[in-house]
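Visitor: Take any residue in the sequence shown, count from 1 to its spot, add 512: that is its number in our numbering.
By construction, the Cβ of each residue, glycine as well, lies at the ideal position given by its N, Cα and C atoms.
Owing to the predicted nature of the structure, the values given are computational and were not obtained by experimental measurement.
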Amino acid sequence: MTRLGGPAAPLRPGSARVAVVDDDGDLDLAPFLAALRGAGIAAAPPAAAPPMAAPDAGEGGAAPPKADLIVVASRVRAGKGRAGLSEASAVRLRTVLARSPAAPLLVLGAPWLAPPGTGPVLVAYGRQAPLQRAAARVLAGQASAPGRLPVAAAR
513 MTRLGGPAAP
523 LRPGSARVAV
533 VDDDGDLDLA
543 PFLAALRGAG
553 IAAAPPAAAP
563 PMAAPDAGEG
573 GAAPPKADLI
583 VVASRVRAGK
593 GRAGLSEASA
603 VRLRTVLARS
613 PAAPLLVLGA
623 PWLAPPGTGP
633 VLVAYGRQAP
643 LQRAAARVLA
653 GQASAPGRLP
663 VAAAR
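#1: Given a cut-off of 7 Å on the beta-carbon distance, is the pair A555 and L545 in contact?
#2: Using a Cβ-Cβ distance cut-off of 7 Å, determine whether L597 contacts chain C.
#3: Nearest-angstrom Cα distance between A579 and R589?
#4: Can you give the Cα-Cα distance for R529 and R594, rounded to whole angstroms?
#5: Do T634 and A622 have their C-beta atoms closer together than 7 Å?
#6: Please state whether DSSP places G659 in a helix, a strand or coil.
#7: Measuring only the C-alpha atoms, how far is A542 from A585?
#8: Along the chain, where does the beta strand (DSSP E) containing V650 start, and where does it finish?
#9: Mapping the DSSP letters down to three states, classify G596 as helix, strand or coil.
#10: Taking the alpha carbon of G631 as the point to measure from, which residue in P616, P658, G653, D538 has its own alpha carbon closest?
#11: With H, G and I counted as helix, E and B as strand and the rest as coil, what does DSSP make of S601?
#12: Quick check on L548: does DSSP put it in helix, strand or coil?
#13: Starting from L620, follow the beta strand (DSSP E) in both directions and report where the run begins and ends.
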């Protein structure tokens, strides 16, 4: 786990609104949400949104709601043709970040998925259940993220 700036525990006990940008369309956040609930944070991602019709449109053509936490996930794999987000996912991420500029960003994947200047950012380097549970503990203030990026990142 690597934390890039931000407060020690960005989520407080209670309810948290979670926005999800899932580049692959198959992210299962059940381990993450269960770990947050165990820390006293009730969080549920919004229902899966259909592809956006316009950069500022979300589900039903409305702008995405404000979020207390933004989760972005993408796998790097052969045959995908790219190592980053699709253009549609990148637009959605920029839109959600613009609506919720103070929300921490949890990256379930490569650190380069976080746009420059975004903060605070927590990078989990994957979407597996143990990584999701560890990220939830960090976001709830129950653990630290002592890792560091293997490369320099624009901040």
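Guide: Checking against the coordinates, here is how it stands:
#1: yes
#2: The structure shown contains no chain C; it is built from a single protein chain.
#3: 29 Å
#4: 30 Å
#5: The amino acid at residue 634 is misidentified as Thr; the sequence shows Leu. The answer is no: Cβ separation not under 7 Å.
#6: strand
#7: Their backbone Cα atoms lie some 14 Å apart in a straight line.
#8: Where V650 is concerned, there is no enclosing beta strand (DSSP E), although the alpha helix (DSSP H) it sits in stretches over 641-651.
#9: coil
#10: Among P616, P658, G653, D538, the Cα nearest to that of G631 belongs to P616.
#11: helix
#12: Reduced to three states, the DSSP call for L548 is helix.
#13: 617-620
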